[in-house]
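For the protein sequence lines, the chains are A and B, in the order given. FYI, the working numbering numbers position 19 of the first sequence as 577, with every residue one higher than the one before it. FYI, the working numbering numbers position 27 of the second sequence as 20, with every residue one higher than the one before it. We put the CB at the ideal spot given by N, CA and C, even for glycine. Please read the structure below before turning to the comments.
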Amino acid sequence: MAIDKVIEVPYALEIPVGPQHPALHEPILLKAYADGEEVVKVEVHTGYNHRGIEKLAEKNSFYRDIFIVSRVCGICNGVHANCFVRAVEQILGIEPSPRAKYLRVLAMELERMHSHMLINAVMAEIIGFDSLFMNIMRDREYIMKSKEIVTGNRVSADYMIFGGVRRDLSSDKIDKLRKLIDRVIPRIKYYKKLFMEDETILKRLVDVGVVKPSEATLYGLLGPVARASGVKIDARASDKYDAYGEIPFNVIVRNECDAWARMMVRWDEALESAKIIKYVLDHLPQDGKAVPDERRLPRRFPPGEAYTRVEAPRGELIYYVMSDGKPMPYRVKIRTPSVHNILNTAKFYIGYSIADLPVILTSWDPCISCMERLTIIDLRTGERRKVPMKELAGGGKKWVNPRYSL
Amino acid sequence: MIEEINELVKEGLLKEVGTIKPNRELYEFSHERIREIFKQLLERLGEKGFYLATIVGTDILKDKKIRLDYYVVVLPEETTIVLRTYVDRDNPEINSILDLIPAALAPECEIHDLLGVVFKGNPALRRPFFVPEELVEKGIYPLRKDARV
Chain A
559 MAIDKVIEVP YALEIPVGPQ HPALHEPILL KAYADGEEVV KVEVHTGYNH
609 RGIEKLAEKN SFYRDIFIVS RVCGICNGVH ANCFVRAVEQ ILGIEPSPRA
659 KYLRVLAMEL ERMHSHMLIN AVMAEIIGFD SLFMNIMRDR EYIMKSKEIV
709 TGNRVSADYM IFGGVRRDLS SDKIDKLRKL IDRVIPRIKY YKKLFMEDET
759 ILKRLVDVGV VKPSEATLYG LLGPVARASG VKIDARASDK YDAYGEIPFN
809 VIVRNECDAW ARMMVRWDEA LESAKIIKYV LDHLPQDGKA VPDERRLPRR
859 FPPGEAYTRV EAPRGELIYY VMSDGKPMPY RVKIRTPSVH NILNTAKFYI
909 GYSIADLPVI LTSWDPCISC MERLTIIDLR TGERRKVPMK ELAGGGKKWV
959 NPRYSL
Chain B
-6 MIEEINELVK EGLLKEVGTI KPNRELYEFS HERIREIFKQ LLERLGEKGF
44 YLATIVGTDI LKDKKIRLDY YVVVLPEETT IVLRTYVDRD NPEINSILDL
94 IPAALAPECE IHDLLGVVFK GNPALRRPFF VPEELVEKGI YPLRKDARV
């Protein structure tokens, strides 16, 4: 009898990791193909969170855009606003006072500290070390409190404005900040020691997700991911924006190239940020007004273009702003570090076990809301169809039980 | 000015045209030579010598052109330079550099979806990437200046 049917046994199992909270509480789908325990291919699927902010920025005035861009990302809203504000300041040809520059650095470094503490806490949670997660998050609250003292809000600060900042800092607040920072520094040192010595952490992180230095530059990886692979890039040191030219600090670089090195870079940077914050508090210039009179800010924007970089907690953040002389920008381009660190890294999961997937994903410090403002990528599955939200909400029979549909 | 870039200017691959604030050197080139330029950069600066920061696509409606700015950060000093080229708005095509520089994946796919530029040789290009399907069916590219979204 002739064979008329063949049953193919797949050698690789398809495992969706996400999109509901694969590691962080943000939506992304890693479609992993596994041969036994070993990951052989990963596709990064995104597109659960898109908002179209670049077009929105083109449709609104420069002043409204400050508040729009600071909503690109919750964690690093200060650096987004700073990068946009500095780009527009370049076009306008205005410069903030030295005091305002120092205060901007203060707000951004507080952001870096709490962002790095957050991702290290999440890493602890991912590898099953929940008590460590809770401890780090408790100590992170001191930083959130500090940020509230400086900017008026724990998270969404809206601190930057053309020509300065929107709140000044009084001397009694400076004393409060000093106390809070002094309380956090020994805790961070303790956590760093824990990450260096704890056997569970070392077993899960060391030699996982290795990125060679040449791959880091070729794939355009940024921030702590690149620095943990021995690539010394830091926009603070090279562009010397705001007051970074006057403040001494070290660029942390490690050569281990793995997930552990990336987390250690973040701990060291958090300590470095604490040093910068203390320096700023000790050397806050008294000359010049930090808060500009908003009624006197320019209403006309000359034609021009500017391209500014900021070292966000996750790496180099870029804003390109083009003005054609109208009250609204002609073009605003935002490139966040997460775009490169998430989308270009599908290759680096291959060869590790399924349990390593969330560890590697977390080690990039992915910020989905940063990324999804612009692009969605789907590498090789051209034939797959996405279900529109409308269809889901409208009770697409195939997908949703009609009893529960709207 | 970076020496290797200066050599490319002398060889006629790039043309110096000015700066973008703050102090980013701006060079123009003809879009047919894109691959040649990036091959030269890889050869002269090395894999570890630079990275592609991003590509910015802008619709210049009055000239009927789409402008593409390739932002390259030269290491170790982290000097950002801008390589600018224009493609025709009605038939926007340029060669992809994805096989030379994997970092081009995200920006090329984004510009294809938002502005409709075709990067020839990039297998990952696809619509819709994130633009809703209704807009794709109507052939709307949201970041084009005449698009009403």
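Close to residue 901 (chain A), with beta-carbon spacing below 8 Å, are these residues of chain B in chain order: 98 and 99. The three-state secondary structure of residue 880 (chain A), taken from DSSP, is strand. Going by C-alpha positions, residue 17 (chain B) is about 24 Å away from residue 858 (chain A). Counting only the Cα atoms, residue 74 (chain B) lies some 13 Å from residue 876 (chain A).
Just so you know, the alpha carbons of residue 796 (chain A) and residue 810 (chain A) end up roughly 14 Å apart.
Distance from the Cα of residue 676 (chain A) is smallest, within the candidate group A:664, A:690 and A:728, for A:690. Setting aside the 5 residues that flank it on each side, residue 685 (chain A) is surrounded in the same chain by 758, 759, 762, 763 and 917, each with a C-beta closer than 8 Å to its C-beta; the list follows chain order. Contact annotation: in the segment 840 to 872 of chain A, residues whose CB is within less than 9 Å of a CB in chain B are 862, 863, 864, 865, 866 and 867.
At least one C-beta of chain A is nearer than 7 Å to the C-beta of residue 17 (chain B). When DSSP reads this structure, residue 18 (chain B) sits in a beta bridge with B:12 and B:74. In the three-state reduction of the DSSP assignment, residue 795 (chain A) falls in the helix class. Shown here for residue 713 (chain A): same chain residues with a beta carbon closer than 6 Å to its own, the five before and five after excluded, namely 632 in chain order.
Rounded to whole angstroms, residue 622 (chain A) and residue 842 (chain A) show a C-alpha spacing of 29 Å. Judged by pairs of C-beta atoms under 8 Å, the segment 777 to 796 of chain A touches the segment 39 to 52 of chain B, as three or more such pairs exist.
One Cα belongs to residue 665 (chain A), the other to residue 656 (chain A), and the distance between them is close to 15 Å.
Residues of chain A with a Cβ closer than 7 Å to the Cβ of residue 95 (chain B) are, in chain order, 776, 777 and 902. Note that the C-beta distance between residue 9 (chain B) and residue 2 (chain B) is below 7 Å.
Annotated three-state conformation of residue 574 (chain A) is strand, per DSSP.
Here residue 828 (chain A) is near residue 674 (chain A), since their CB atoms are less than 7 Å apart.
Residue 863 (chain A) carries a strand assignment under DSSP once its states are collapsed to helix, strand and coil.
One thing to note: residue 636 (chain A) has its Cβ no nearer than 7 Å to the Cβ of residue 667 (chain A). Taking all protein chains shown into account, residue 12 (chain B) has fewer than 16 neighbouring C-beta atoms within 10 Å of its C-beta and is therefore exposed. Among the residues of chain A, those whose CB is under 8 Å from the CB of residue 135 (chain B) are 610 and 613, following chain order.
Counting the other Cβ atoms within 10 Å of the Cβ of residue 765 (chain A) gives fewer than 16, which makes it exposed.
Residue pairing from DSSP places residue 722 (chain A) in a beta bridge opposite A:719.
With fewer than 16 other CB atoms across the displayed protein chains lying within 10 angstroms of its CB, residue 908 (chain A) is exposed. Using a Cβ distance threshold of 7 Å, residue 921 (chain A) and residue 817 (chain A) count as a contacting pair. Between the C-alpha atoms of residue 51 (chain B) and residue 137 (chain B) there is a straight-line separation of about 8 Å. Following the DSSP letters along the chain, one finds residue 134 (chain B) in no alpha helix (DSSP H), marked with neither H nor E. Relative to residue 614 (chain A), the option among A:894, A:887, A:919 and A:745 whose CA is nearest is A:887. With a 10 Å radius around the Cβ and a threshold of 16 neighbouring Cβ atoms, residue 767 (chain A) comes out buried.
Taken in chain order, the unbroken stretches of alpha helix (DSSP H) that lie wholly in the segment 86 to 114 of chain B and span 4 residues or more are 98 to 108. At least 7 Å separates the CB of residue 58 (chain B) from every CB of chain A. Interface with chain B (7 Å Cβ-Cβ cutoff): residue 798 (chain A) is excluded. Counting of Cβ neighbours within 10 angstroms places residue 856 (chain A) among the exposed residues, the total staying below 16. Residues of the segment 870 to 900 of chain A that bring their beta carbon within less than 8 Å of a beta carbon in chain B comprise 874, 876, 878, 880, 888, 889, 891, 893, 897 and 898, in sequence order.
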